[in-house]
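Last residue of the sequence shown: number 483 in this note's numbering, and the count goes up by one each step with no gaps.
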Amino acid sequence: MWKHLKRHKIASIFLCILAIILYMVLGAIAPFVHYRKISDETKDQIDIVNEVYNRENSVDRAKLLESNLSAWEDRVRLFHMAKERIILSTFDMREGNSTTDLASILLKKADEGVKISILVDGMNGQYRMRKNNFFFAISSHPNIEIRFYNPINLLTPWTSQGRMHDKYIIVDEYAYILGGRNTFDYFIGDYPTRGKSYDREVLIYNTKYKTQEMESSLYQLEAYFNSVWNSKYCESFSNDESLRENDKVKEQIIRLDKHYKQLLEEKPEYFSDYDYEKDTVETDSVTLISGEIGIYGKEPKVLYQLEQLMLQAKDRVVIHTPYAVCNGYMYSVLENVASKVPDVTMMVNSIENGDNFVASSDYRINKGKLLDTKISLYEYDGGTSYHGKSIVIDDTISIVGSYNYDLRSTYMDTELMVAISSKNLTKSLSEYMENMEKDCRKVIGKTEYQVPDHLKIEEMDTKKDLVMKVFGHVAQLFRYLI
């Protein structure tokens with residue numbers, strides 16, 4: 002009898018655990034099983050082609066931040082030049098060398114009266130920042146506020162998948178940086194790390210910042226930030242000023258103050274006013290492309306706008322994305338563009354080169370569907386994972402931002418791209434992209450390639466190869482989360 006009761010108790014516990022797991026899993030995936038379509042109402046509200054193509058003499062000037070070092074340099078310069086406010090929005094922020102550099106400057110500017118707002122995705126924020134005195138040293142300053150977008154709540158798993166994938170910085174009315182880089186050493190600076198990632202951003206300089214005329218695209222981005230920052234999905238990280246008296250937090254504040262002085266002494270060239278007029282090129286238009294900011298399934302608004310712009314191409318469209326995970330609609334977009342534009346190219350990481358195991362596993366299985374769209378498909382094998390998200394249209398339009406050509410970016414996460422009409426900028430972006438493509442193999446079939454003579458493809462570890470094959474097939478059951 003006692004054995005029977007014991008077995009019954011164990012079975013009950015097992016069923017309870019199983020029920021909790023099912024509740025968590027099904028709750029997390031259920032809101033995204035159905036793909037939303039772009040509505041006629043949304044289409045009527047979008048005028049992206051006119052905004053990008055039919056404007057001249059924008060007040061904005063632009064330059065590309067192609068290297069991780071340039072991303073560090075211009076962040077330091079802009080933070081130093083701030084007089085009133087700094088906005089930093091990022092998907093992931095981690096303590097490290099580059100973050101210590103930036104945080105030391107932010108604390109110095111906050112001491113000078115600059116208001117600083119830092120917005121971080123809630124999943125990464127909770128994991129990386131919640132119990133870290135480094136971040137309490139920042140947030141406890143009276144002129145700095147940190148908020149999390151959609152922090153994870155285990156009791157409501159259906160809210161867990163909507164993530165904020167935007168990455169940008171705004172400094173006064175002066176300039177902003179927007180692109181695909183997260184805020185840590187893997188993406189910013191030239192500090193030694195276990196790995197690096199190639200990425201890309203664009204810096205937009207507002208030539209009318211002194212007059213505060215509302216012509217610059219900077220104000221589009223500011224309005225977007227305010228809509229997210231003030232939404233019901235965001236909550237404060239910790240703004241308890243009394244934490245500044247905590248011994249461990251105070252230790253971090255002192256360390257950051259010393260670090261700022263050391264940085265100022267060692268790299269004084271970055272701590273003076275900088276002429277961005279000379280360091281940027283003219284543009285005809287700069288237009289923000291954004292989607293919905295909610296946490297549930299979204300209309301594919303960003304992709305729809307990108308499609309409308311790509312369909313204007315007369316000669317070529319070049320798409321760079323770290324990985325491609327598509328449904329029928331996304332394949333049809335590529336097929337539609339390829340049927341109307343003579344030369345359409347997409348570059349993705351090879352499965353050997355990429356750093357996203359899940360996306361690479363899916364790509365391996367569905368590569369043939371991409372080829373069926375009639376685009377020219379290339380795989381990057383340069384040895385360092387490529388994280389850039391960019392599009393070139395003919396020789397006039399450059400598009401840079403956070404949007405991956407995958408299902409998460411299309412239907413789940415918040416995303417931002419910026420479309421820039423500028424022959425000079427597009428020439429520079431084309432050259433950077435062409436240089437990356439030199440280390441690519443052209444995909445002829447699912448397992449067939451044209452490989453340049455200089456390119457050596459490293460064989461994948463047999464165990465990893467097998468795991469990727471098996472996982473790729475299993476992942477088809479929940480690929481709408483990839």
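Beta carbons: idealized from backbone N, C-alpha and C, even for Gly.
Margin query: Whole angstroms are fine: how far does the CA of A111 sit from the CA of G126?
Written below: Counted from its first residue, the sequence shown places residue 126 at position 125. Counted from its first residue, the sequence shown places residue 111 at position 110. Cα-Cα distance, rounded: 21 Å.
Within the region 315 to 342, note down every full beta strand (DSSP E) run reaching 3 residues or more, in order along the chain. The region 315 to 342 is shown to contain whole beta strand (DSSP E) runs of 3 or more residues at 317 to 321, in chain order.
**Message:** Does the region 140 to 154 come into contact with the region 179 to 186, if we say contact requires no fewer than three beta-carbon pairs (one atom in each stretch) closer than 8 Å?
**Reply:** Because the criterion of three Cβ pairs below 8 Å is not met, the region 140 to 154 and the region 179 to 186 do not touch.
In the DSSP output, which residue or residues are listed as bridge partners for N207?
Working through the sequence shown from its first residue, we reach residue 207 at position 206. Paired residues: D61.
**Asked** Hey, I139 and L108: beta-carbon distance below 8 Å or not?
**Response** Within the sequence shown, numbered from 1, the residue matching residue 139 stands at position 138. Within the sequence shown, numbered from 1, the residue matching residue 108 stands at position 107. With respect to L108, I139 sits close: the two C-beta atoms are nearer than 8 Å.
*Find out if the Cβ-Cβ distance for the pair V338, E308 is shorter than 8 Å.*
Numbered from its first residue, the sequence shown carries residue 338 at position 337. Numbered from its first residue, the sequence shown carries residue 308 at position 307. Judged by beta-carbon spacing, E308 lies within the 8 Å limit of V338, meaning their Cβ atoms are closer than that value.
- Would you mind listing the alpha helix (DSSP H) stretches within the region 203 to 255 that are 4+ residues and don't spill past its ends, in chain order? Runs of the alpha helix (DSSP H) inside the region 203 to 255: 219 to 230.
Starting from the C-beta of E85, find all residues in its chain whose C-beta is less than 6 Å away, skip the five residues before and the five after it, and write them out in chain order.
As a first step, residue 85 must be located in the sequence shown, where it is residue number 84. Around E85: D173.
**Runs of beta strand (DSSP E) lying entirely within the region 70 to 110, each at least 3 residues, in chain order** = For the region 70 to 110, whole beta strand (DSSP E) runs of length 3 or above, ordered along the chain, are 86 to 91.
- Query: Which residues in the same chain have their Cβ closer than 6 Å to the Cβ of I106, if we skip the five residues on either side of it in sequence?
  - Reply: Your numbering for residue 106 matches position 105 in the sequence shown. Cβ neighbours of I106 beyond the five flanking positions: F80.
Q) Does the distance from the C-beta atom of D75 to that of L204 stay below 8 Å? A) Along the sequence shown, read from residue 1 onward, the residue named residue 75 stands at position 74. Along the sequence shown, read from residue 1 onward, the residue named residue 204 stands at position 203. Annotated as proximal: D75 and L204, with beta-carbon spacing under 8 Å.
Exercise. What number of angstroms, rounded off, separates the C-alpha of L222 from the C-alpha of I400?
Worked result: By 1-based counting over the sequence shown, the position of residue 222 is 221. By 1-based counting over the sequence shown, the position of residue 400 is 399. Each residue's alpha carbon lies about 15 Å from the other.
Distance between D93 and F358 (C-alpha atoms, nearest Å):
Counting from one through the sequence shown, the residue named residue 358 turns up at place 357. Counting from one through the sequence shown, the residue named residue 93 turns up at place 92. Distance from the CA atom of F358 to the CA atom of D93, rounded to whole angstroms, is 18 Å.
| Is the beta carbon of K302 less than 8 Å from the beta carbon of I49? | Within the sequence shown, numbered from 1, the residue matching residue 302 stands at position 301. Within the sequence shown, numbered from 1, the residue matching residue 49 stands at position 48. No, the pair does not count as a contact, with Cβ atoms beyond the cut-off.
#### Entry: Proximity winner among G114, D102, D61, M311, relative to Y210 (alpha-carbon distances)
The residue you call residue 210 lines up with position 209 of the sequence shown. The shortest Cα separation from Y210 among G114, D102, D61, M311 belongs to D61.
Are H1 and S410 close, meaning C-beta to C-beta below 8 Å? A question about residue 1 goes unanswered here, because the residues of the chain that appear run from 2 up to 483.
So Y412 and R37 are in contact, right, with Cβ under 8 Å, and what is the actual spacing, rounded?
Taking the first residue of the sequence shown as position 1, residue 412 is located at position 411. Taking the first residue of the sequence shown as position 1, residue 37 is located at position 36. Contact flag correct, Cβ pair sits at about 7 Å.
Nearest-angstrom Cβ-Cβ length linking V282 and K64, presumed shorter than 8 Å: As a working mapping, residue 282 is identified with position 281 in the sequence shown. As a working mapping, residue 64 is identified with position 63 in the sequence shown. Cβ atoms of V282 and K64 come within 8 Å of each other, at about 7 Å.
key: DSSP state of I49 mapped onto helix, strand, coil   = The residue labelled residue 49 in the question sits at position 48 within the sequence shown. In the structure shown, I49 sits in a helix (DSSP, three-state: H, G or I).
Excluding sequence positions up to five away, which residues of its chain have a Cβ less than 7 Å from the Cβ of I296? In the sequence shown, the residue the question calls residue 296 occupies position 295. The answer, listed in chain order, is N151, T160, G163, Y234.
| request: In the DSSP assignment, find the beta strand (DSSP E) that holds T1 and state where it starts and stops. | output: In the structure displayed, the chain extends from 2 to 483; residue 1 sits before or after that span and is not available.
- Query: CA-CA distance, V334 and R95?
  - Reply: For the purposes of this step, residue 334 is taken as residue 333 along the sequence shown, with counting starting at 1. For the purposes of this step, residue 95 is taken as residue 94 along the sequence shown, with counting starting at 1. So the two alpha carbons sit approximately 36 Å from each other.
Among T157, I171, Y54, F238, which residue has its Cα nearest to the Cα of Y128?
-> Residue mapping note: residue 128 aligns to position 127 of the sequence shown, counting from 1. Considering only alpha carbons, the answer is F238.
Q: Identify whether Y519 lies in helix, strand or coil by the three-state DSSP scheme.
A: Summary: the structure shown does not reach residue 519, with the chain confined to residues 2 through 483, and so no result is reported for it.
- Alpha carbon of K44 to alpha carbon of E300, nearest angstrom: As a first step, residue 44 must be located in the sequence shown, where it is residue number 43. As a first step, residue 300 must be located in the sequence shown, where it is residue number 299. Rounded to the nearest angstrom, the gap between the Cα atoms of K44 and E300 is 11 Å.
So, at 7 Å on beta carbons, what are the nonlocal neighbours of G114 in its own chain, with the 5 sequence-adjacent residues on each side left out? Locating residue 114 in the sequence shown gives position 113, counting from the first residue. These residues qualify, in order along the chain: N144.
Self-check item: L155 - DSSP class collapsed to helix/strand/coil
Solution: Looking up residue 155 in the sequence shown gives position 154. Under the three-state reduction of DSSP output, L155 falls in the coil class, being neither helix nor strand.
Flag this pair as touching only if the region 354 to 371 and the region 319 to 333 have three or more C-beta atom pairs under 8 Å; answer yes or no. With the rule of 3 Cβ pairs closer than 8 Å, the region 354 to 371 counts as touching the region 319 to 333.
Integer Cβ distance of A72 from F188, believed to fall under 8 Å:
Position 71 of the sequence shown, counted from the start, is the residue given in the question as residue 72. Position 187 of the sequence shown, counted from the start, is the residue given in the question as residue 188. F188 and A72 do touch by the CB rule: their CB atoms are close to 7 Å apart, below 8 Å.
- For E438, the nearest candidate out of V229, V452, N425, T427 (CA to CA): By 1-based counting over the sequence shown, the position of residue 438 is 437. When each option's Cα is compared against that of E438, the closest is V452.
My guess is that V229 and I294 are in contact by the Cβ rule of under 8 Å, so how many angstroms apart are they, rounded?
The sequence position of residue 229 within the sequence shown is 228, counting from 1. The sequence position of residue 294 within the sequence shown is 293, counting from 1. About 5 Å; that satisfies the 8 Å criterion.
Can you confirm whether the region 414 to 430 touches the region 372 to 388 when touching is taken to mean that 3 or more C-beta pairs between the two stretches lie within less than 8 Å?
Taking 8 Å as the limit for Cβ pairs, the verdict is that the region 414 to 430 does not touch the region 372 to 388.
Inter-residue Cα distance where the pair is S391 and A176: The sequence position of residue 391 within the sequence shown is 390, counting from 1. The sequence position of residue 176 within the sequence shown is 175, counting from 1. In a straight line, the C-alpha of S391 is about 20 Å away from that of A176.
Taking the straight line between their C-alpha atoms, what separation do you get for K249 and N134?
Translated into positions along the sequence shown, residue 249 becomes position 248. Translated into positions along the sequence shown, residue 134 becomes position 133. Those two C-alpha atoms are separated by around 7 Å.
Which value, in whole angstroms, describes the spacing of the CA atoms of Y481 and F33? In the sequence shown, the residue the question calls residue 481 occupies position 480. In the sequence shown, the residue the question calls residue 33 occupies position 32. Y481 and F33 have their C-alpha atoms spaced approximately 7 Å apart.
Query raised in the report: Any heavy atom of the ligand GTP closer than 7 Å to the Cβ of A20?
Result: As far as ligands go, the structure on display features none, and thus does not contain the ligand GTP.
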